[in-house]
Amino acid sequence: MTEAVKVEHYENFPVASVLLPKAMRAPVGVIYNFARGADDIADEGDAPADARHEGLAAYRRELDAIRAGRPTSPGAPMFTQLAQVVKTHRLDLQLFYDLLSAFDQDVDVKRYADYEALRDYCRRSADPVGRLMLGLFEFETPDNLACSDAICTSLQLINFWQDVEVDWRKERVYLPQADMARFGVSDADIAAQKVDERWRALMRHEVGFARELMLRGAPLATRIPGRFGLELCCVVHGGLRILDMIERVDYDVFRHRPKLGKLDAAIVFARGLGMWLTKRHRQPQAVSPRAS
């Protein structure tokens, strides 16, 4: 089953999927390797912050070399491959810099004051992935880019809401502080894994908004022809499936982290295929004011 329906940090990337045209799997894999490698520098292991920033700076220097048309470092074939992909497909190199900016931020920033601050992070941590995919397939129209941003931000938010407990162990809280205050949820409640009506109300709000964003972006999947369009249909339904699972466990993501199993994957594929064949999508309901 396609990696696109896993909806985990960078696992929602459609890498090497059988749904992708064979000729596109290698360039997609190169972009994935860049994003995954940089994300691991920022997020995995126990290296100090300075070492993480330096690791990301090394990535940035390789991008500088690509931008200047200089050879990348010997012994770093990933960047040689990336330079070729960028050149062949005329990709916007700034999108790779944006990813590194978000990963640098992940090293230091553990809280987000409000949705606007979180959205700015998603603009650099998630949206570039979709924009690069559209660049590879040459579907970069303004409407397509806007829908792609909505899908990618939704996927990022879905990952945050399914991983509240995982991120807490890393001393991170992606729930906007303003939303937590509004619903009366504190860091102490998260630490205690307290699932009460306040928590459910907060998560109902966040899940609902992530769903609205996904549905807002869903028309993109019906506009893209061929296997890439089918891939996107599965991405959309994978995200929606995770949101449904969060609701089914009554928002207790501490004890029941939503994860797509084989049956879920089959359901996602069936729904994605149906969407692709009929060129229909679920219409969004009234959109939250902050979505505009």
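For the sequence shown, counting from 1, position 132 maps to 221 in my numbering; every step adds exactly one.
All C-beta atoms, glycine included, are put in the ideal place defined by N, C-alpha and C.
Alpha carbon to alpha carbon, how far is residue i from residue j?
| i | j | result |
| --- | --- | --- |
| Glu133 | Gly144 | 12 Å |
| Gly363 | Ala136 | 46 Å |
| Pro373 | Asp128 | For Pro373, the predicted structure reports a pLDDT of 40, less than 50, and the residue's modelled location is therefore unreliable. The matter cannot be settled from this model. |
| Leu184 | Ala146 | 16 Å |
| Glu229 | Asp181 | 11 Å |
| Val262 | Lys199 | 6 Å |
| Tyr148 | Lys259 | 23 Å |
| Pro160 | Phe123 | 17 Å |
| Ala172 | Arg337 | 45 Å |
| Ser190 | His142 | 10 Å |
| Ile313 | Ala280 | 43 Å |
| Ala154 | Pro110 | 30 Å |
| Arg360 | Thr311 | 13 Å |
| Gly224 | Pro116 | 11 Å |
| Leu366 | Leu108 | 14 Å |
Starting from the Cα of residue i, find the closest Cα among the options and give me that residue.
| i | options | result |
| --- | --- | --- |
| Val255 | Phe192, Met269, Lys111, Gln282 | Gln282 |
| Lys368 | Gly318, Val284, Ala146 | Gly318 |
| Leu234 | Pro308, Leu264, Asp195 | Pro308 |
| Gln194 | His294, Asp139, Glu295, Leu225 | Asp139 |
| Asp216 | Ser237, Thr230, Ala115 | Ser237 |
| Phe168 | Lys199, Tyr204, Tyr121, Arg316 | Tyr121 |
| Val196 | Met269, Ile130, Ala124 | Ile130 |
| Leu264 | Arg344, Asp333, Tyr210 | Tyr210 |
| Met269 | Arg287, Arg125, Glu320 | Arg287 |
| His294 | Pro347, Ile155, Asp339, Ser190 | Asp339 |
| Arg213 | Arg330, Val117, Ala239, Ile313 | Ala239 |
| Val441 | Tyr201, Ala355, Ala112, Gly118 | An answer regarding residue 441 cannot be provided, because it is not within the stretch 90 to 381 covered by the chain. |
| Arg156 | Gly164, Lys176, Met113, Arg271 | Lys176 |
| Arg220 | Arg125, Asp203, Cys241, Leu207 | Cys241 |
| Asn248 | Leu332, Leu188, Pro116, His345 | Leu332 |
| Met222 | His178, Arg208, Arg150 | His178 |
| Trp250 | Gln170, Arg300, Met113 | Arg300 |
| Leu244 | Trp257, Ala165, Leu329 | Leu329 |
Label residue i either buried or exposed according to how many other C-beta atoms from any shown protein chain fall within 10 Å of its C-beta, with 16 as the threshold for buried.
| i | result |
| --- | --- |
| Leu56 | Any answer about residue 56 is impossible in this case: the structure gives the chain only from 90 up to 381. |
| Gly306 | buried |
| Asp252 | buried |
| Glu227 | exposed |
| Ser162 | exposed |
| Glu320 | buried |
| Glu151 | buried |
So, under 8 Å CB-CB, residue i and residue j are touching, yes? Tell me the CB distance rounded to an integer number of Å.
| i | j | result |
| --- | --- | --- |
| Val296 | His326 | Not quite, the Cβ-Cβ distance comes to about 16 Å (not below 8 Å), so this is no contact. |
| Val274 | Leu291 | 5 Å |
Report the residue ranges of all alpha helix (DSSP H) runs contained in full by the segment 187-268; include only those spanning at least 4 residues, in chain order. 204-214, 216-226, 231-251, 253-258
* Asked: Taking the runs of the alpha helix (DSSP H) that are 4 residues or longer, which of them lie wholly in the segment 134-165?
  -> 138-157
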